[in-house]
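Enquirer: Here it is: the structure, laid out below.
Quick look at the structure:
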């Protein structure tokens, strides 16, 4: 019995070296499942945020299309500037004020396109204040989505509606003698959308900290009109007094008006923008307006996180 008890059993010797292999395999499998689940969560979060951007964009488009009053009245001011203001001053403006061979009405036309983009973009941001007052914004903020997706969706929606209104005004070009080819229109579409995105992002950044419609409207008027008049939409930005020249360079819309005017009227009409002796060409102007749009969008996200 003693010898039988002391005899080593067949299962007592190799258990430890063989048992570590299954344990290591289970651990590696668990780590692999955890890694896959983490990737799945990241993919699910990305998909959810992309759907949020698309939903906010679609909501802005539906709201714009259903508001026929806004759609019709948004063209009243551009037509007033183009056909009454432009035609009335066409003969009064001195010959040296605009490039040779270009009437003041033609020179004003790209500025009117930029004006439509500016006003529509800033006005579209007012819906943020409206949604905050009626509680819809709070429902979006408590949803399991990032604030960035909400701001990007809002900026893209406002930019799309603003660019769409400017595109409609392209039909007025031949009426005042502006020749628009298919190539010009195709190049003009992304430029209008880029400027609209930058202006909408500025409006969203301003509206992110506003609690009432009245306060936003006051700030909106203080921002829109100076941006429009200082952008070179009505007059060239060259040959100005020093103090006025500085203000035009600080205006974000300046770097959107110049590329639009160059696409519509050509290089001879829209020159470069000199800053500290360096002349910014079209590529640099597009880079500046892109940086303004991205920076304003980031500022809007930051303000949403701070105020809500």
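Residue numbers (our numbering): 92 to 399.
Glycine is no exception: its CB is placed at the ideal position from the N, C-alpha and C atoms.
From a predicted model like this one, the values you see are computed outputs, not experimental measurements.
Identify the continuous beta strand (DSSP E) that holds residue 281 and give its terminal residues.
Expert: Start at 1 with the first residue of the chain shown, and residue 281 comes out as number 190. Looking at the DSSP string, residue 281 is not in any beta strand (DSSP E); the run it does join, the alpha helix (DSSP H), is 273 to 298.
Enquirer: List the DSSP bridge partners of residue 366.
Expert: Along the chain shown, read from residue 1 onward, the residue named residue 366 stands at position 275. Answer is 369.
Enquirer: So, for residue 382: in the same chain, excluding its five sequence neighbours on each side, which residues have a beta-carbon less than 7 Å away from its beta-carbon?
Expert: Within the chain shown, residue 382 is the residue found at index 291, counting from 1. For residue 382, where only same-chain residues beyond five positions count, there are no Cβ hits under 7 Å.
Enquirer: Find out if the Cβ-Cβ distance for the pair residue 352, residue 202 is shorter than 9 Å.
Expert: Taking the chain shown and counting its residues from 1, the one referred to as residue 352 is at position 261. Taking the chain shown and counting its residues from 1, the one referred to as residue 202 is at position 111. Contact flag set, yes.
Enquirer: In this structure, does DSSP put residue 140 in helix, strand or coil?
Expert: The residue you call residue 140 lines up with position 49 of the chain shown. Here residue 140 sits in helix by DSSP.
Enquirer: By how many angstroms is the C-alpha of residue 336 removed from the C-alpha of residue 329?
Expert: Working through the chain shown from its first residue, we reach residue 329 at position 238. Working through the chain shown from its first residue, we reach residue 336 at position 245. Taking the straight line joining both Cα atoms gives about 8 Å.
Enquirer: With a Cβ-Cβ cutoff of 9 Å, do residue 285 and residue 357 count as a contact?
Expert: Position 194 of the chain shown, counted from the first residue, corresponds to residue 285. Position 266 of the chain shown, counted from the first residue, corresponds to residue 357. Not closer than 9 Å, so no.
Enquirer: At what residues does the alpha helix (DSSP H) containing residue 181 begin and finish?
Expert: Taking the first residue of the chain shown as position 1, residue 181 is located at position 90. It spans 177 to 181 - the alpha helix (DSSP H) in which residue 181 sits, taken as one unbroken run.
Enquirer: By how many angstroms is the C-alpha of residue 164 removed from the C-alpha of residue 249?
Expert: Counting from one through the chain shown, the residue named residue 249 turns up at place 158. Counting from one through the chain shown, the residue named residue 164 turns up at place 73. In a straight line, the C-alpha of residue 249 is about 17 Å away from that of residue 164.
Enquirer: According to DSSP, is residue 346 helix, strand or coil?
Expert: On the chain shown, position 255 is the one that residue 346 refers to. The answer is helix: DSSP assigns residue 346 an H, G or I state.
Enquirer: Excluding the 5 residues preceding and the 5 following residue 245 in the sequence, name in chain order all residues of the same chain whose CB lies nearer than 6 Å to its CB.
Expert: Residue 245 sits at position 154 when you count from the first residue of the chain shown. Answer for residue 245: 147, 295, listed in chain order.
Enquirer: Excluding five sequence neighbours on each side, which residues of the same chain lie with their C-beta closer than 6 Å to the C-beta of residue 279?
Expert: Taking the chain shown and counting its residues from 1, the one referred to as residue 279 is at position 188. Answer for residue 279: 354, listed in chain order.
Enquirer: Residue 261 to residue 319, Cα distance in whole Å?
Expert: Position 170 of the chain shown, counting from 1, holds the residue named residue 261. Position 228 of the chain shown, counting from 1, holds the residue named residue 319. One C-alpha to the other measures close to 19 Å.
Enquirer: Counting only the same chain and skipping the five closest in sequence on each side, list residues whose C-beta sits under 7 Å from that of residue 256.
Expert: For the purposes of this step, residue 256 is taken as the residue at position 165 of the chain shown. So the qualifying residues of the chain are 165, 207, 211.
Enquirer: Counting only runs that start and end within the region 306 to 354, where is the beta strand (DSSP E) found for 3 or more residues in a row?
Expert: Taking only runs of at least 3 residues, no beta strand (DSSP E) segment lies wholly in the region 306 to 354.
Enquirer: Contact check, residue 297 vs residue 216 under 8 Å by CB: the rounded distance?
Expert: Sequence index remark: in the chain shown, residue 297 carries index 206 (1-based). Sequence index remark: in the chain shown, residue 216 carries index 125 (1-based). Contact holds; Cβ gap of about 7 Å.
Enquirer: Give me the Cα-Cα distance between residue 394 and residue 324, rounded to the nearest whole angstrom.
Expert: The residue given as residue 394 occupies position 303 in the chain shown. The residue given as residue 324 occupies position 233 in the chain shown. So the two alpha carbons sit approximately 30 Å from each other.
Enquirer: Rank 293, 283, 178, 321 by C-alpha distance to the C-alpha of residue 259 and give the top, closest one.
Expert: Here residue 259 is taken as the residue at index 168 of the chain shown, counted from 1. When each option's Cα is compared against that of residue 259, the closest is 283.
Enquirer: Return the CA-CA distance between residue 384 and residue 287, expressed in angstroms with no decimal places.
Expert: Translated into positions along the chain shown, residue 384 becomes position 293. Translated into positions along the chain shown, residue 287 becomes position 196. Their Cα atoms are separated by approximately 9 Å.
Enquirer: Do residue 268 and residue 387 have their C-beta atoms closer together than 9 Å?
Expert: Translated into the one-based positions of the chain shown, residue 268 becomes position 177. Translated into the one-based positions of the chain shown, residue 387 becomes position 296. Cβ distance not < 9 Å, so residue 268 and residue 387 don't count as in contact.
Enquirer: May I ask which residues mark the beginning and end of the alpha helix (DSSP H) holding residue 174?
Expert: For the purposes of this step, residue 174 is taken as residue 83 along the chain shown, with counting starting at 1. That residue, residue 174, is in no alpha helix (DSSP H); it is neither H nor E in DSSP.
Enquirer: Pick out whichever of 307, 172, 273 has its Cα sitting closest to the Cα of residue 219.
Expert: Mapped onto the chain shown, residue 219 falls at position 128. The shortest Cα separation from residue 219 among 307, 172, 273 belongs to 307.
Enquirer: Indicate whether residue 213 and residue 293 have their beta-carbon atoms separated by less than 9 Å.
Expert: For the purposes of this step, residue 213 is identified with residue 122 of the chain shown, where counting begins at 1. For the purposes of this step, residue 293 is identified with residue 202 of the chain shown, where counting begins at 1. Contact: yes.
Enquirer: Could you give the distance in angstroms between the alpha-carbon of residue 180 and the alpha-carbon of residue 149?
Expert: The residue given as residue 180 occupies position 89 in the chain shown. The residue given as residue 149 occupies position 58 in the chain shown. Going by the C-alpha atoms only, they are around 41 Å apart.
Enquirer: Excluding the five sequence neighbours on either side, which residues of its own chain have a C-beta within less than 7 Å of the C-beta of residue 342, listed in chain order?
Expert: Start at 1 with the first residue of the chain shown, and residue 342 comes out as number 251. Once the five neighbours on either side are set aside, the close Cβ partners of residue 342 are 318, 321, 322.
Enquirer: Keeping to the same chain, check which residues put their C-beta closer than 7 Å to that of residue 252; ignore five residues upstream and five downstream.
Expert: To locate residue 252, count along the chain shown from 1; it is residue 161. Closer than 7 Å at the Cβ level, and outside the excluded window around residue 252, lie 151, 152, 155, 211, 215.
Enquirer: Over what stretch of residues does the alpha helix (DSSP H) that includes residue 258 continue unbroken?
Expert: On the chain shown, residue 258 is found 167 positions in, with the first residue counted as 1. 238 to 259 is the extent of the alpha helix (DSSP H) around residue 258.
Enquirer: Where do the N-terminal and C-terminal ends of the alpha helix (DSSP H) with residue 206 fall, by residue?
Expert: For the purposes of this step, residue 206 is identified with residue 115 of the chain shown, where counting begins at 1. That run of the alpha helix (DSSP H) goes 195 to 215.
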